[in-house]
Every structure is written in C-alpha cells, then in structure tokens.
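In our numbering, the protein residues as written are 803 to 1317.
Glycine is no exception: its CB is placed at the ideal position from the N, C-alpha and C atoms.
Accompanying notes for the structure given below.
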RNA sequence: GCCCCGUUGGUCUAGCGGUUAUGACGCCGCCCUCUCAAGGCGGAGAUCGCCGGUUCGAAUCCGGUACGGGGUACCA
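In structure tokens form, the structure reads like this:
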C-alpha cells in the first residue's frame, strides 16, 4: 500500500450472519472427543489467533492495537488470523458498526482469513454445548430469579461478605425442578486454585472460592459472553487468545469452562490497555478515536502499525520499522505488562518518517484515499502531475498527509494567490520592484529547470548586490503566497514559466519597472 | 469491600545481580541553508514510586506499602 506494503487485503464476503452456523464450522457436528484430538494435532503446527470485537461502534484505537498484535503474531508464524463479531447483545449491535470495523481493519491493512464469524449465528451450538455440560453434570439448572440474586448480593454487601452468589440449586435433581425458566450455571470447583499461564502476565493464580458458578445460558436460552467465547474459540481452533488485560480475570473463569468440557486451553496473552495523554484509560467514551479518525487526520496505515506496535511492545531499541520487520520480530514475551499512554507527537514523527520513506506514487495514492475519506474529488490532470513532481520536496516537510496537502497550496491555488500575513511581509514595495527587475531575466531563462532558474536568480542577486535570500523570499511569497515552501527553484520548475511569470506579475503590477 | 495486574527522564522504552541506567519522541543550542523541514553535532531532563530484606554488590531477587488500572452482571 505505502512504503511498507501490507499483504493485499482480501475482501471477505460480506459478513454473513445468514449462513447457517454449522456450515462455517466443519467441527460443529463432530463429537467433542474427536474435535479435541483433531485440534491437538493441528495446534502443534498452526497458530490461529482471532480478533473478536463487539459491533457497538467504530473500531477504536485500542481495539485496533489488539487486532494488530493478533495479526502480527499469526502472520509472523504462518498462522491464521480470524475475525469474529461478538454480536450476541442484539440491542447494542448494529450492522453499521460491523461495517465500520471491517473498514477500519482494511484501512489498517489487517487482513483476516475466511469469513468473519457472527457469534450470534452460533447460538444453537452454544446451547448444545451447555446441554452437554448439563448431562455430564458439569453444569446445573438454576431457578434463582434475578430478584433473589440481587437480594442476596445486597445482603452480602451489607454484612461485608463476598458478594458471590451460591445457588441453592447446585445439587438439586430433576425431582426438585419447578416448572419455571432457569439459567444454566457452571458447577465451578469451590476448592483449590485456578491458575492461568499467561504469555504476557506470567502465571496468575486465584483461589477457587473467588469464583462463582457463572451463568452459561440465560433463562431465555441465549448464551452469555463467557460461554460463547469459549465455545467459539474452541470450535474455531483458536490456539492463542490475545486480548486486552481487562479480560485477565475472565480467562480464569473461562478456563473453568474449558476444564469442565475437557477441552485444551488456548495460550492466553493479556496485553495492557492504552491510556490517554492524561493517564486515564482510553476508551470509547473517554477520548478514544476510531481508526478512521486517524485516517482522516492524514496518518499512513504503515505508520499507525509501527506506532501501535511500539506502544507496549519493543524489539530492543528499534523505533522505526516496517510491517515485515514487525511480523518477523513480534513475540508475546516482549509485550510489556504496564499500560502505555498514547502520544500524538511521536505518532506524528513516525508518520513523517514513513512518508519520507514512501514512494511518490504511494503517497499520491494515499492522498486519493484521504480525499475519498473526506468526500472530495481526487486531484487530477495537470495538477496531479505537478503534485507528483513536487512530492519529493513536499513529503520532506510534512508530518501528515493533511499537512502535505496544505503545503501544496501553491499547486492547487488559482491566481491571484491569497498572500498570507508572513509572506506579505516579504513583499513590500522594494521587494516588488526588485521582482519586477528580475522578471526579464526569468523570461529569458532557458531551459526552464530548477538548475537554470537558480543560476539566473543567483546571478541577478549578485548584480543587485544582495544576498540570495533577499530575492528568494519575496519570490517564494509571490509564487506560493507563503513564507515557507519547498525550495523556490523546485517550485518554479513544477509551476512552469508562464504561471510563475503571471504570479510575479500579480504582485509587481503597478510597481516601478513592472514589465 | 474482595481478587488480580502494573509502576525506569514530560511521553514511549532498553535493561533481565556489577552499565557513567539504552534509544526514540518532545524541548534547547549550534552547523547546513533561499524559507521551512530533513540531516549532522551537542545539551538539559531519571536518586529506576516508596520502605525494608537477601547479597560483597540490586532498576534487576523477596516482603510490605502508596498510587494507578482491571475484574467482581442473566454486558461484551
């Protein structure tokens, strides 16, 4: 795409929640034992990671980094990177958000394997597994109502006791079951310890009595997140679960489900969250921007990948690297445990470096993407040619594409130019007269190249007995309307003789010596 | 409340028992120079959260503590 080409983005089929759940998982109809064996032999050879966002809004920067880490890990090991949309919360999930997530990942260049999976489309399978657990005695029907549970918690809180609900239905049998809706709860161990071996956090241990009998299936028969993730990750053959460390405790609870089912645990890796510049956590409701916001601000995907990867992960002292290098270098062990703050200044710097490392053509394309994002027409025709020609000088001076576009004002502007304040200071009466004297020399300069115009202007400055800067600055002001621009002689070359003379004429008109 | 996790210059970080504590961003100065960038050179900025312990020796190991974060739902 840009200087650090990301693998071509596969356009997955539009998110197909309609496809019957079983179709997507060859293993869904296999007996559990078979499944497990199959995965064991498979997991040795191939890494499978996944990104599992819930479609309740745009893809925010924290989620993007989680996706990136999963992607880097899988791609660096010839593995698969899967995408699952956790849309079981029907009230908050929207197709627009799903599309925004796809769009964000595509822009970032994080391609996923196969179709995105709708978690909601798999409710049947979730229920099926819960039923299996019921039969095995690993789970039980709990008829406690939400009111009863709430009352229990209120009382526990009042007495300063742990608010863990102990269901009275845990050891009841069919003879005790009333004719009422019930939830399916995991029969979690009450003694011993639960240990999670985390690739980032290390070994983390909890006392089993800290865990409650979590609900697998709600009383309306739908699965809870805790249950659905486990079943989906297992069925999808996920070998490495890389996600935010807000899920660390969940990993312990989920490991209980894996254990009850007799399934192999994936490798867990809980990465720290990103904090805002103020140290507060960055979240959707607290300042986290969607990736498209970064696109619109003119950052390159390659720079985003570089910056995001560097946030909380390091490969020695390497700061500026390509995506290929990152995939090659990335390991879970090198991920930091502490949260990092998002720093725009550093992102900008990195973006500038990536822009400079980009080819002119690649930047032109990036500009097209930016234009499309801002819903404005792409630059075409002669101006596109000029832009391309001026690109080397432009990209050297910009930290974002937006800045580059702004600095290319002299290419897009129509005469007469808007002379800004600082430029106007370089265009007093004396300067205008001086430029008027310069005009005939420029008219005769041939060929019209930056070398020739420079030679001409330098000679002129000498005969005038002034420093080059005294000519160059007014010239720059007349030609670009600004006090800052790429080298004036390069500007002249891209603008062409006629346009240059016309612009000079615009500011010298009415002054002595005007030609 | 309880349970987990974290803490190295302003920021991101290197470090993994013995270093003048690494590099980068940002900031300041100089050079280069038609401006601005880029680039080059140099500088300021960290008693490695704090207190103990282990050790001949601790940023590195152990225990406390403070602060920050996360979790504790028929949310994900």
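In its chain, beyond the 5 residues on either side, 872, 883, 884, 885, 886, 1035, 1038, 1040, 1043 have a beta carbon closer than 8 Å to the beta carbon of residue 852. Collapsing the DSSP output to three states places residue 1000 in a strand. Residue 930 sits in a helix when the DSSP states are folded into three classes. DSSP, reduced to helix, strand and coil, places residue 1176 outside both helices and strands of the structure shown, so it counts as coil. Looking at the DSSP output, residue 1044 sits in a beta bridge with 1071. The bridge partners DSSP lists for residue 995 are 1009. Here residue 1079 is exposed, its C-beta having fewer than 16 other C-beta atoms within 10 Å. Beta-bridge analysis with DSSP links residue 1025 to 1019.
In this structure residue 969 is buried. Its beta-carbon is surrounded by 16 or more other beta-carbon atoms within 10 angstroms. When secondary structure is reduced to three states using DSSP, residue 1181 falls in the coil class, being assigned neither helix nor strand. Looking at the DSSP output, residue 1115 shares a beta bridge with 1137.
For residue 1273, the enclosing alpha helix (DSSP H) covers residues 1270 to 1282.
The straight-line gap separating the alpha-carbon atoms of residue 1027 and residue 1284 is approximately 57 Å.
The three-state reading of DSSP puts residue 1215 in coil, since its state is none of H, G, I, E or B.
Here the segment 993 to 1002 makes no contact with the segment 890 to 906; the two share fewer than three CB pairs at distances below 8 Å.
DSSP places residue 942 in the uninterrupted beta strand (DSSP E) bounded by 941 to 944.
The three-state secondary structure of residue 865, taken from DSSP, is helix. Remark: fewer than three beta-carbon pairs, one from each stretch, lie closer than 8 Å, so the segment 1097 to 1116 and the segment 1219 to 1230 are not flagged as touching. Ranked by Cα distance from residue 860, the options 1076, 1137, 1095 are led by 1095. If you look at residue 903, you'll find it in the alpha helix (DSSP H) that goes 897 to 910. Proximity to residue 1272 across 1255, 1228, 953, 1189 peaks at 1228, based on C-alpha coordinates. A straight line joining the alpha-carbon of residue 1289 with that of residue 1105 spans about 26 Å. In the DSSP assignment, residue 1077 forms a beta bridge with 1083, 1143. Residues 929 of the same chain have their beta carbon placed closer than 7 Å to that of residue 1023, with the five preceding and five following residues left out of the count. Under the criterion of beta carbons closer than 8 Å, residue 1164 and residue 1189 do not qualify as touching, at roughly 13 Å. Contact check for residue 946 and residue 971: beta-carbon distance about 7 Å, within the 8 Å limit, so the pair qualifies. Excluding five sequence positions before and after residue 1090, the CB atoms of its chain that fall closer than 7 Å to its own CB belong to 862, 863, 864, 1084, given in chain order. In chain order, 1270, 1273 place their CB closer than 6 Å to the CB of residue 1263, counting only its own chain and leaving out the 5 sequence neighbours on each side.
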